[in-house]
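Colleague: Numbering-wise (this note's numbering), the sequence shown opens with residue -16 and increments by one. We treat Cβ as the ideally placed atom computed from N, Cα and C, and that holds for glycine. Quick caveat, the model's predicted, so the values are computed rather than measured.
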Amino acid sequence: MPARLRVAAALAALVFPTFSYGAEVAPTPKLVKDPADVLAAMIDRHLAKDWEARGLIPAEQTDDAEFVRRVYLDVVGRAPKASEAREFIESTAPDKRQKLVDHLLRMPGHASHFASVARAQWLPQAATNFQLTQFGIQFETWLRKQYRENTPVDQVVKRIMTVGLTVNAQNPDFRFVQATGNDQDANNIVGFYSANEGKPENVGSAVSRLFLGMKLECAQCHDHPFAPYTRDQFWQFAAFFAEMNPLTGQRPGFIGPLQPQADRNRIGVMGTDRKVTATFFDGTSPQWSLEKSPRQELANWLVSAKNPFFAKNMANRVWAHFFGIGIVDPVDEPGENNPASHPELLKDLGAAFAENGFDNQLLIRAITRTKAYQLSSKMTHPGQADPRRFAKMNLKGLTPSQLFDTLVSATGFREPAFMRNQQNFGFVQPNNPRSQFLAQFANTERATETNTTILQALMLMNGRFIGDQTDLARSELLAAIVDMPGWDTNQRVSNLFLTAFARNPTPEELERYASYVDRGGAKNDKKQALADVFWVLLNSSEFLFNH
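(1) Return helix, strand or coil for F159, following the three-state DSSP convention.
(2) Taking the Cβ atom as the reference point for each residue, do I143 and F175 lie within a distance shorter than 8 angstroms?
(3) Given a cut-off of 8 angstroms on the beta-carbon distance, is the pair D504 and S458 in contact?
(4) Closest to P269 by CA distance: which of R371, N248, E494, G309 is it?
(5) Rounded C-beta distance between F534 and L328? I'm assuming under 8 angstroms.
(6) Can you tell me whether F237 is buried or exposed? The criterion is at least 16 other CB atoms within 10 Å of its CB, across all chains shown.
(7) Residues in the same chain with beta-carbon distance under 8 angstroms from P488, minus the five sequence neighbours each way, listed in chain order, please.
(8) Quick one, which of M467, H29, A221, V186 has its alpha-carbon nearest Q108's?
(9) Which of the three DSSP states, helix, strand or coil, is assigned to T260?
(10) In the structure shown, what three-state DSSP assignment does L39 receive?
(11) Expressed to the nearest angstrom, what Euclidean distance is found between the alpha-carbon atoms of P313 and F306?
(12) Run the CB neighbour count on M376, radius 10 Å, all protein chains shown included, and call it buried at 16 or more, exposed below.
(13) Using the beta-carbon count (16 or more within 10 Å), is K289 buried or exposed?
(14) Would you kindly report the start and end of the unbroken beta strand (DSSP E) that includes I250?
(15) Do you know offhand how far E338's Cα is from W518's?
(16) Answer yes if the region 278 to 295 comes into contact with the region 165 to 185, meaning at least three C-beta pairs across the two stretches below 8 angstroms, and no otherwise.
(17) Taking contact to mean at least 3 C-beta pairs separated by less than 8 angstroms, is the region 72 to 87 in contact with the region 100 to 116?
(18) Note the first and the last residue of the continuous beta strand (DSSP E) segment covering T124.
(19) Identify, in the order they occur along the chain, each residue of the same chain with its Cβ nearer than 8 angstroms to the Cβ of N522, setting aside the five sequence neighbours on each side.
(20) Tell me which residue opens and which closes the alpha helix (DSSP H) that V500 is part of.
(21) Return the first residue and the last residue of the beta strand (DSSP E) that T149 is part of.
(22) Roughly how many angstroms separate the alpha carbons of L273 and Q138, rounded to a whole number?
(23) With DSSP as the reference, identify every bridge partner of K379, one or two as the case may be.
(24) Could you spell out where the alpha helix (DSSP H) holding Y4 opens and where it closes?
(25) Whole angstroms is fine: what's the gap from M253's alpha carbon to G147's?
(26) Any idea if D46 is buried or exposed, counting beta-carbon neighbours within 10 angstroms, 16 or more meaning buried?
(27) Hey, A483 and V500: beta-carbon distance below 8 angstroms or not?
(28) Look up G60 in the DSSP assignment and say whether it is helix, strand or coil.
(29) Whether or not the region 43 to 62 and the region 380 to 389 are in contact is what I'm after, with contact meaning three or more pairs of Cβ atoms, one per stretch, closer than 8 angstroms; do they touch?
(30) Ignoring anything shorter than 4 residues, give me the alpha helix (DSSP H) runs that lie fully in the region 46 to 113, in order along the chain.
(31) Sort out for me which residues DSSP pairs N321 with in a bridge.
(32) Just grab the DSSP bridge partners of L358 for me.
(33) Would you kindly work out how many angstroms separate the C-alpha atoms of P416 and T111, rounded to a whole number?
(34) Anyone know if the C-beta pair for V100 and H304 falls short of 8 angstroms?
(35) Short check: CB of R352 to CB of D85, under 8 angstroms?
(36) Looking only at its chain, what residues have a beta carbon closer than 7 angstroms to the beta carbon of R234, apart from the 5 residues adjacent to it on each side?
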C-alpha cells in the first residue's frame, strides 16, 4: 500500500467513526419484553438482595469510557480504536450501550475471540504440546463457525459428542481419531478426540470437566479425596466412550469403525479385573439399544432437563468470562469445599439459559445490560473488596491474544490477513509478529491464565514489537498524531490517551504530559517526547488490564 494511503488509514482510525448509534431520543417502548432485559433484571434482583443482606454498597455506575473499553475487550477481544471510542463517548443516544453490544456481536472478532477462549479451556493441551497443535487448530476453526452462526450451546455439545469416528489402533498410547465420511466440520470436531489421545478415560475426564463442571481425574485411581466422586463413577462415565477401545485381537494399524456391540458400553477399571457399565451421574443408565451409541445416549442426557449440571455450568462459564470470576470459581471445581457464592442466582441463571434455547448471544446481551456488569472497577466502599460479591467490577488481566490485538488496535499495526488467521498454539511461526509475541507470553502451566505477571510486563516494555510501534519512523498512527495539522500539544496528548486507554486524560494528566512534551522531553525533541508518552501509556497497568 502506498505511503499516502497508509497515512490516510491511520488517520481514519483516529477520526472517522465506524458505527452510528442512531437518533438521540428515547427508544420506542416494546410491546413484548426483551428476554435479555428480563434475564438482566433477574440477575440484578439476586445481587441486590445479597448486597442488602450483607450491608454492601455497590460501586457507582461506570462511565462511558470505561464501559466501551471493557465491553470491546470482553466481546471481541480487543480494545476500541480511538475513532470507535470517541464516537461512543460523544453519542447522546440513551440506548447506546445496548446498541454497541448488538454491534459487537455482529463483528467477526466476536466469533474469533470466543472460539479462541473456548479452545483454550476445552483443549488446553493443544497450546502446550506440539504434537497436538493441529488438532487444536482444527477444533478452533469449527468453534469459530459455531459462534459466528450463534449455534445453541446444547447443539454444539451434542455435535461434539455424536460425531462419527474411526480409531487408528496402531499406537496403544496414542490413538489417532478420524471422522467418518467427507464432512469437513466432522474432520475439525474430531480434533477434540485426538487431542485427548483417543482414550475413553481422557475424553470422559474432558467432557465431565467442560460440560458438567466436574474434575473427575483425581478419581481415576482412587476415590476423590475432597469431592464426592468415586473411582467407579469415573470409570462408569468413561464407559460411555468405551467403543473407542480397539476390539480384542484387532490387528495393529487397523483403521475401522467403533465397536458395534460387544463391550461398547463397558470398560475395565484400571488396576482391577472388574468392568463397569456406563452410568449417568444420577445413578441411572440409558435404555440401551442398537439404534443409539453410548455417546448419543450421553449427549441426550447431558443437555436434557434431567441433568442438573449442564445449564448451570455453561452459564457460569459465560459469567466468569465477563466478571472475571465465576459464581462457582474455579468453574470446574464445584462441591462442598467450593460452594457457589450465589446458589439461587446460579440455579435461575442456568434455568433461564436453558429456557431461552441455550442462546449464547442472548446471555451476553443480558449480562452486559445488568447494573452489576456496568459498575465501576473503582472501589468506594470496603465491602466491595470481595470479588465474589460482584459489588464492583473485578480487574481482569488481558490474555496474550487480547493484549496483542489491543496493541494492534492502539498502534495501527497493519497485520497481514494470513498472519491474523494463523493462531498461536505453543510454537513460533517465522516472520509472524503475532506468533512471536504470543510465544513470549505463553503460559505452559495454565493455558487459560490471564494474570499479568512481572515477567510479562518486562517482556512488553523491552520487546521489539512495542519498540517498533512507538518509533516515529515505523508507527504510522503515532506519526499521524504527531504530524496532524492544526493540533496543539493538548490535542496530541489527548489523542494518545484515547488511542491507548479509550478515554481522555484527566486535567492533571494532561498538564503533566503536555508540559513534558512542550519541554522537549529527555532529548529536547517534542516529537520524540510524544513517542515517549505513547510508550509509557502502552506499558502502564491501565493498558494491561480490563477494568
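Modeller: Concretely, from the data shown:
(1) One-based indexing of the sequence shown puts residue 159 at position 176. Looking at F159 - three-state DSSP - the assignment turns out to be strand.
(2) The residue labelled residue 143 in the question sits at position 160 within the sequence shown. The residue labelled residue 175 in the question sits at position 192 within the sequence shown. Against a cut-off of 8 angstroms, the Cβ pair of F175 and I143 comes out as a contact.
(3) Taking the first residue of the sequence shown as position 1, residue 504 is located at position 521. Taking the first residue of the sequence shown as position 1, residue 458 is located at position 475. Checking the sequence, you will find Gly at residue 504 rather than Asp. Contact: no.
(4) Within the sequence shown, residue 269 is the residue found at index 286, counting from 1. Answer by Cα proximity: N248.
(5) The question about residue 534 has no answer here: the residues shown for the chain are numbered -16 through 530.
(6) One-based indexing of the sequence shown puts residue 237 at position 254. A caution first: F237 carries a pLDDT of 41, below 50, which makes its placement in the model unreliable, though a value can still be read off. By the neighbour-count rule (16 or more Cβ atoms within 10 Å), F237 is not buried but exposed.
(7) As a working note, residue 488 is residue 505 in the sequence shown. Within the same chain, P488 has close Cβ partners V476, S477, F480, Y496.
(8) Residue 108 sits at position 125 when you count from the first residue of the sequence shown. Among M467, H29, A221, V186, the Cα nearest to that of Q108 is on V186.
(9) Counting from 1 along the sequence shown, the entry for residue 260 is found at position 277. Three-state DSSP puts T260 in a strand.
(10) Locating residue 39 in the sequence shown gives position 56, where the first residue counts as 1. Correct three-state label for L39: coil.
(11) If you number the sequence shown from 1, residue 313 lands on position 330. If you number the sequence shown from 1, residue 306 lands on position 323. About 13 angstroms.
(12) Looking up residue 376 in the sequence shown gives position 393. Buried is the call here.
(13) Working through the sequence shown from its first residue, we reach residue 289 at position 306. Looking at its Cβ environment, which holds fewer than 16 other Cβ atoms inside 10 Å, K289 is exposed.
(14) Locating residue 250 in the sequence shown gives position 267, counting from the first residue. From DSSP, the beta strand (DSSP E) with I250 extends over 249 to 251.
(15) Indexing the sequence shown from 1 puts residue 338 at position 355. Indexing the sequence shown from 1 puts residue 518 at position 535. If you take the alpha carbons of E338 and W518, they lie about 49 angstroms apart.
(16) Touching, no, given that fewer than three Cβ pairs across the two stretches are closer than 8 angstroms.
(17) Flag = no, the region 72 to 87 and the region 100 to 116 do not touch.
(18) Reading the sequence shown from its first residue, position 141 is the one you call residue 124. T124 -> not in any beta strand (DSSP E); alpha helix (DSSP H) instead, spanning 116 to 132.
(19) For this step, residue 522 is matched to residue 539 along the sequence shown. Cβ within range, chain order: A440, L443, M444, I449.
(20) On the sequence shown, residue 500 is found 517 positions in, with the first residue counted as 1. First-last of the alpha helix (DSSP H) with V500: 490 to 501.
(21) Counting from one through the sequence shown, the residue named residue 149 turns up at place 166. T149 -> beta strand (DSSP E) spans 148 to 151.
(22) The residue you call residue 273 lines up with position 290 of the sequence shown. The residue you call residue 138 lines up with position 155 of the sequence shown. L273 and Q138: Cα-Cα distance of roughly 23 angstroms.
(23) For this step, residue 379 is matched to residue 396 along the sequence shown. BP columns for K379 point to N529.
(24) Along the sequence shown, read from residue 1 onward, the residue named residue 4 stands at position 21. From DSSP, Y4 is part of no alpha helix (DSSP H); its letter is neither H nor E.
(25) What you label residue 253 is simply residue 270 of the sequence shown in a count that begins at 1. What you label residue 147 is simply residue 164 of the sequence shown in a count that begins at 1. Cα to Cα, M253 sits roughly 27 angstroms from G147.
(26) By one-based count along the sequence shown, residue 46 stands at place 63. Exposed, because fewer than 16 other Cβ atoms sit within 10 Å of the Cβ of D46.
(27) Within the sequence shown, residue 483 is the residue found at index 500, counting from 1. Within the sequence shown, residue 500 is the residue found at index 517, counting from 1. Taking 8 angstroms as the Cβ cut-off, A483 and V500 do not qualify as a contacting pair.
(28) Within the sequence shown, numbered from 1, the residue matching residue 60 stands at position 77. Looking at G60 - three-state DSSP - the assignment turns out to be coil, as it is neither helix nor strand.
(29) yes
(30) 47 to 59, 65 to 73, 79 to 89, 91 to 105
(31) Numbered from its first residue, the sequence shown carries residue 321 at position 338. Paired residues: G318.
(32) Locating residue 358 in the sequence shown gives position 375, where the first residue counts as 1. Answer is Q44.
(33) Within the sequence shown, residue 416 is the residue found at index 433, counting from 1. Within the sequence shown, residue 111 is the residue found at index 128, counting from 1. In a straight line, the C-alpha of P416 is about 19 angstroms away from that of T111.
(34) Position 117 of the sequence shown, counted from the start, is the residue given in the question as residue 100. Position 321 of the sequence shown, counted from the start, is the residue given in the question as residue 304. Annotated as proximal: V100 and H304, with beta-carbon spacing under 8 angstroms.
(35) Counting from one through the sequence shown, the residue named residue 352 turns up at place 369. Counting from one through the sequence shown, the residue named residue 85 turns up at place 102. Taking C-beta atoms as the reference points, R352 and D85 fail to come closer than 8 angstroms.
(36) Looking up residue 234 in the sequence shown gives position 251. Reliability of the predicted coordinates at R234 is poor, the pLDDT of 41 falling under 50, and the value obtained from them is presented with this limitation in mind. If we look at R234 and ignore the five residues flanking it on each side, it has no Cβ neighbours.
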